Structures are given as C-alpha cells and as structure tokens.
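Working notes, beginning with the structure itself.
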Amino acid sequence: MLIIVIGIALCIGLLYAIFKYQNYLERCEHDKPCDEIVNTLRKYCSNYKVLGFDCEWVSQRGYCSRVALLQLASSNGFCGLFQLCHMRHIPKSLKTLLEDKEIIKVGVEPAQDAQRLMNDYNLYVASTFDIRYLAVMNGCKPLGLEKLSRHVLYVELPKSFYTSASNWEGRLTDEQIQYAANDALAGIHIFMHLAKRLERTHYWKTEIIDFLELRFVEHHAQKKDFGRSGVQLGPSTNCRIEGPNGELLCNVEKSKAEWYLENGLGKKIQSEPITVRLYKEPACKQFGHYRIPNDGFCEMCFDFDAFIRKPIVPMEYRKHFPGSYLKIR
Numbered sequence: 043m044l045i046i047v048i049g050i051a052l053c054i055g056l057l058y059a060i061f062k063y064q065n066y067l068e069r070c071e072h073d074k075p076c077d078e079i080v081n082t083l084r085k086y087c088s089n090y091k092v093l094g095f096d097c098e099w100v101s102q103r104g105y106c107s108r109v110a111l112l113q114l115a116s117s118n119g120f121c122g123l124f125q126l127c128h129m130r131h132i133p134k135s136l137k138t139l140l141e142d143k144e145i146i147k148v149g150v151e152p153a154q155d156a157q158r159l160m161n162d163y164n165l166y167v168a169s170t171f172d173i174r175y176l177a178v179m180n181g182c183k184p185l186g187l188e189k190l191s192r193h194v195l196y197v198e199l200p201k202s203f204y205t206s207a208s209n210w211e212g213r214l215t216d217e218q219i220q221y222a223a224n225d226a227l228a229g230i231h232i233f234m235h236l237a238k239r240l241e242r243t244h245y246w247k248t249e250i251i252d253f254l255e256l257r258f259v260e261h262h263a264q265k266k267d268f269g270r271s272g273v274q275l276g277p278s279t280n281c282r283i284e285g286p287n288g289e290l291l292c293n294v295e296k297s298k299a300e301w302y303l304e305n306g307l308g309k310k311i312q313s314e315p316i317t318v319r320l321y322k323e324p325a326c327k328q329f330g331h332y333r334i335p336n337d338g339f340c341e342m343c344f345d346f347d348a349f350i351r352k353p354i355v356p357m358e359y360r361k362h363f364p365g366s367y368l369k370i371r
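Read in order, the letters of the sequence shown correspond to residues 43 to 371 in my numbering.
So this is what it looks like as structure tokens:
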C-alpha cells in the first residue's frame, strides 16, 4: 500500500501559484498509516465539513484504466493522496470517510469520479458537489478547474499535458504529486471563495442540496434561476463612513465597513454604531440618499421581519462597467 501525505501552504500570487510542500511517503501492508491520514482529514474538516476531491488514472489510446490515485484536501491546506491501485484492500476508515454524507466532496466533475470509484473499487462517495454550480450562483461562467482557479483565486494552475497523461500507477514524481495535490486544493479553495461571496445570504447552503451527487449539466444550472432568489435579509446594521474631517459620507452594511478596516483605509472610532473614519478624502463623495440610515424594512408592507432585497443593477452587469467604477467599494 502506497500512501502519500502532503501538507501544502497555498500562496496566491497575481497570476501564478507557489505551492510549498513537505511530503511523507511510506510503503506498508497495513491500515495504520491510512487511518492516521483519514483521522487528520476528519479533524481538519470537523468545523468546515468540505473536502477537495479528485481522482487520477492512466489513459492510453482511448482506454482508461481503473482509478490509480485519490486526492482529498481539507480547507486548511492538508492534502492526502491515496494510490488505490497499490492497495490490497480499501481500509475501512477511508470507506467511512467517503461515505459520510455530512462531509461534502467538491471539485469539477466529482460525480463522474465517484462513479468511477464505484465501478472500479465498489467505493461509494456521498455528497459530491460540482463547484461549477456554485460559480453559476455567483453569476460566473461554469468554467473548468484551471480557468476557475485563474478567475476566482487569481492563481495559475500548472497544467502540463505531459503530467496529466503520465503513469499514475508507478512511483509518483514530484511533478505528479504537486499536480495531483493542486487539483484537490484548488477545488476546495474555489469552493470557499465562492461560498464566502454568498455568505451573507446563507441561501446557498440550502440551494446546493439540490445538486449533491449530480453531474454538472449547464442547462440544469441555468434552469434554476438563482437571480430570482434575491438576498434574504433580517434587520439591517447601519455603519457610518466618515471623511478625515468627520463629515458623514454614507451609511453602509457591516461587511463593507469591515472591508475599509481590513484594507487599512480607515480606523474605527466608535463601536455603536460602528463608525469608520477614512484616512484620505475619497475621490467621489456620496450625498443625499446614501446618508440616510437603512432601516431595513419592506418598501411595500413596511414589515421588518423577513423580506427580500434585490440589487437595482444586477451583479452580472459589473463586468461591463468602466474600470474606475470597479475600484469603488
């Protein structure tokens, strides 16, 4: 049995990725190392129950061999590579992890990979989710893993055809290890970034249930009109943004106020209500409507409980805006 464990730190650059890793390689004929890896993966996804999931196999002249390599990655950058083709039997701990319905296995075409594992090893993989559905929920195109990594993470995945078409059943090279781990890690990092964009709405957590263990079909994603869901909100939290001289510029949501603080554009001078004073005068000031506190009620029935707010300008239109507008938060 050949098991490879990789602890990987993902360093995101402008259009390239640097993966620093240390690998642990052991040949053995018992289940203990595999159990340790699975327990580590379980520990790391105890709070964030999502794993990056991918498989590799050998393809020659149109014929695909059985799955050779299984990759699982947690949200903190820990990745385990399991060379299934060298295992005399699949350890129970690994089976239980894959069958756990509470842990979502994400990637591109994970349902197809899960089907191959069932056909080749009688391994059932529960709760697979294609991240392209989450991309559609964000108004993005359902691109492949390489392009999603570039557009969502701003990371260029090194995709060498020579490596992808190499022998995954032999002793793995450093290039193969990095290639395989990158795919699993990219899958979960893309999921995390796209999910975070929708975090305020929380509706995506119920929406993805409809797409678990489902093969990605573009018209399925388009048929479900996520845009009509709107943004379900409770009472609004008003935060004040002030200029350097203390002049009120606008009232914003808490997330936007935190954005100014995280990017070092201002300092918090008051906690209730949260007030951020900018260090520099903004290029353009907002007056009138933007200074009015958002009381968070329905404009039709004036109810404060549960309502849906829709953006006046759809998010899909943002890509057509002049560059100067896109820099304004």
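Positions of the beta carbon are idealized from the N, C-alpha and C atoms, including for glycine. What you are looking at is a predicted structure, and each value in this text was computed from that prediction instead of being measured.
- Setting aside the 5 residues that flank it on each side, Asp225 is surrounded in the same chain by Asp96, Gln113, Leu187, each with a C-beta closer than 7 Å to its C-beta; the list follows chain order.
- Here Asn293 is buried. Its C-beta has 16 or more other C-beta atoms within 10 Å.
- DSSP, reduced to helix, strand and coil, places Ile316 within a strand of the structure shown.
- Look at Ala115 here: in three-state DSSP terms it is strand.
- Here DSSP, grouped into helix, strand and coil, assigns Val150 to coil.
- The criterion of a C-beta distance shorter than 8 Å is satisfied by Val148 and Ile173.
- When secondary structure is reduced to three states using DSSP, Val167 falls in the coil class, being assigned neither helix nor strand.
- The residue among Thr205, Leu303, Ser313, Asn287 with its C-alpha nearest the C-alpha of Val100 is Thr205.
- Taking the C-beta atoms as reference points, Val167 is found no nearer than 8 Å to Leu136.
- Proximity to Val194 across Glu151, Arg239, Ser202 peaks at Arg239, based on C-alpha coordinates.
- The Cβ atoms of Ala156 and Ile230 do not sit closer than 8 Å to each other.
- Along the length of the stretch 207-241, whole alpha helix (DSSP H) runs at least 4 residues long occupy 216-239, reported in chain order.
- Taking Thr170 as reference, the option from Lys183, Gln220, Tyr196, Phe233 with the minimal CA-CA separation is Phe233.
- Following the DSSP letters along the chain, one finds Val197 in no beta strand (DSSP E), marked with neither H nor E.
- Counting along the chain, no alpha helix (DSSP H) covers Arg282; the unbroken beta strand (DSSP E) around it starts and ends at 281-284.
- About 6 Å separates the Cβ atoms of Gly122 and Leu83, confirming a contact at the 8 Å cut-off.
- Here Gln157 is not bridged, per DSSP, to any residue.
- In the structure shown, the three-state DSSP call for Ser88 is coil.
- Taking 8 Å as the cut-off, the Cβ atoms of Leu93 and Val109 do not count as close.
- Taking Gly288 as the centre and dropping the five residues before and after it, the same chain places the C-beta of Arg319 closer than 8 Å to its C-beta, in chain order.
- Annotation for Leu140: the continuous alpha helix (DSSP H) segment containing it runs 134-141.
- Listed in chain order, the non-local C-beta contacts of Leu236 below 8 Å within the same chain comprise Ile173, Leu176, Ala177, Met179, Asn180, Cys182, Val194, local neighbours out to five positions each way being set aside.
- Linking Pro324 to Leu290 through their CA atoms gives a straight-line distance of about 12 Å.
- Assignment of Lys298 by DSSP, reduced to helix, strand and coil, places it in the helix class.
- Taken through DSSP and simplified to helix, strand or coil, Cys182 comes out as coil.
- Here Cys106 is exposed: its Cβ has fewer than 16 other Cβ atoms, across all protein chains shown, within 10 Å.
- According to the DSSP secondary-structure assignment, Tyr105 is paired through a beta bridge with Gln102.
- In the DSSP assignment, Asp96 forms a beta bridge with Gln113.
- Ranked by Cα distance from Lys91, the first of Ser297, Thr138, Asn164, Ile145 is Ile145.
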